[in-house]
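Q: Mind having a look at this structure? Questions to follow.
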Amino acid sequence: MFLKLGLVELLDSGAYYMNNIELLIGQSSTEAERKRAARLQNKALSAPRTNSGHLSDIRPPEIEIELEKEIEVKVERELKKGQPARAYGRYRNVFLSAGELADLQADFPTVWSQYIEKLSEYMASTGKRYQNHAATIRRWASKDAKKTAPPTRNRDYSVKEDETV
374 MFLKLGLVEL LDSGAYYMNN IELLIGQSST EAERKRAARL QNKALSAPRT NSGHLSDIRP
434 PEIEIELEKE IEVKVERELK KGQPARAYGR YRNVFLSAGE LADLQADFPT VWSQYIEKLS
494 EYMASTGKRY QNHAATIRRW ASKDAKKTAP PTRNRDYSVK EDETV
């Protein structure tokens, strides 16, 4: 019955093969669609001119789009400031303009370089990306300052007449 409908093919080895299964179940990723298109293109080309290898070494379109967005954000940030951002940190992935770096050095004279290294290592190890590296460093520094500050105790020891302590 499935053979008559064209849903299944009988291969030379005797195995049954379902044609266009992704169309039957309604699910297909962009990576699968890209590979399918490449296979069809390879079939159209003559045999000596094709490599019959897989295309998995090429980045999927989702990663390409993410990288393009990241580059756009960096360029927009440079245009806003009017100054090109330089790369800092061990992994050269923390981008700060000269003005941002000078502000960080003025605000955190003893620990600014440690925060740049911390951000560089964190971004390299987790793959996270931040839109504004100077703002991230400021946020981390203020959070750390709150942790180290002694807790303030505003207790009121005043007692009214006829009250006990």
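In terms of this note's numbering, the sequence shown opens at residue 374 and continues consecutively.
Glycine included, every Cβ here is placed at the ideal spot set by N, Cα and C.
Computed from a predicted structure; not experimentally measured.
1. What does a CB cutoff of less than 7 angstroms around Leu383 pick up in its chain, not counting 5 residues either side in sequence?
2. Quick check on Leu413: buried or exposed, where buried means 16 or more other Cβ atoms within 10 Å of its Cβ?
3. Alpha carbon to alpha carbon, how far is Arg459 from Ile444?
4. Note the first and the last residue of the continuous beta strand (DSSP E) segment covering Leu469.
5. Would you report the Cα separation of Glu536 and Ala518, rounded to the nearest angstrom?
6. What residues in its chain sit with their C-beta under 7 angstroms from that of Glu490, if we drop five residues either side in the sequence?
7. What residue from Ile436, Asp480 and Arg465 has the CA that sits closest to Gly472's CA?
8. In three-state DSSP terms, what is Arg569?
9. Quick one: what's got a C-beta closer than 8 angstroms to Asn466's C-beta in the same chain, skipping five residues either side?
10. So Trp513 packs on Tyr488, CB below 8 angstroms; how close in whole Å?
11. Please report the straight-line C-alpha distance between Asn415 and Ala405, rounded to a whole angstrom.
A: To lay it out plainly:
1. Here residue 383 refers to the residue found at position 10 of the sequence shown. Scanning its chain for C-beta atoms nearer than 7 angstroms, with the 5 sequence neighbours on each side dropped, one finds around Leu383 the residues Leu376 and Tyr389, in chain order.
2. Against the sequence shown, residue 413 aligns to sequence position 40. By the neighbour-count criterion, in which 16 or more other beta carbons inside 10 Å mark a residue as buried, Leu413 falls on the exposed side.
3. Working through the sequence shown from its first residue, we reach residue 459 at position 86. Working through the sequence shown from its first residue, we reach residue 444 at position 71. It is roughly 14 angstroms from the alpha-carbon of Arg459 to the alpha-carbon of Ile444.
4. As a position in the sequence shown, residue 469 is number 96, starting the count at 1. Counting along the chain, Leu469 sits inside the beta strand (DSSP E) bounded by residues Val467 to Leu469.
5. Here residue 536 corresponds to residue number 163 of the sequence shown, with the count starting at 1. Here residue 518 corresponds to residue number 145 of the sequence shown, with the count starting at 1. Between Glu536 and Ala518, the C-alpha separation is close to 39 angstroms.
6. Here the question's residue 490 lines up with position 117 in the sequence shown. The beta carbon of Glu490 is closer than 7 angstroms to those of Gly462 and Arg463 in its chain, skipping five residues each way along the sequence.
7. In the sequence shown, counting from the first residue as 1, residue 472 sits at position 99. Checking every option, the nearest Cα to that of Gly472 belongs to Asp480.
8. Residue 569 is absent from the model: the chain starts at 374 and stops at 538.
9. Mapped onto the sequence shown, residue 466 falls at position 93. Answer for Asn466: Ala460, Ser493, Met496 and Ala497, listed in chain order.
10. The residue labelled residue 513 in the question sits at position 140 within the sequence shown. The residue labelled residue 488 in the question sits at position 115 within the sequence shown. Yes, they are in contact, since the Cβ atoms of Trp513 and Tyr488 sit about 6 angstroms apart, within 8 angstroms.
11. As a first step, residue 415 is located in the sequence shown; it is residue number 42 there, counting from the start. As a first step, residue 405 is located in the sequence shown; it is residue number 32 there, counting from the start. Ala405 has its alpha-carbon roughly 15 angstroms from the corresponding atom of Asn415.
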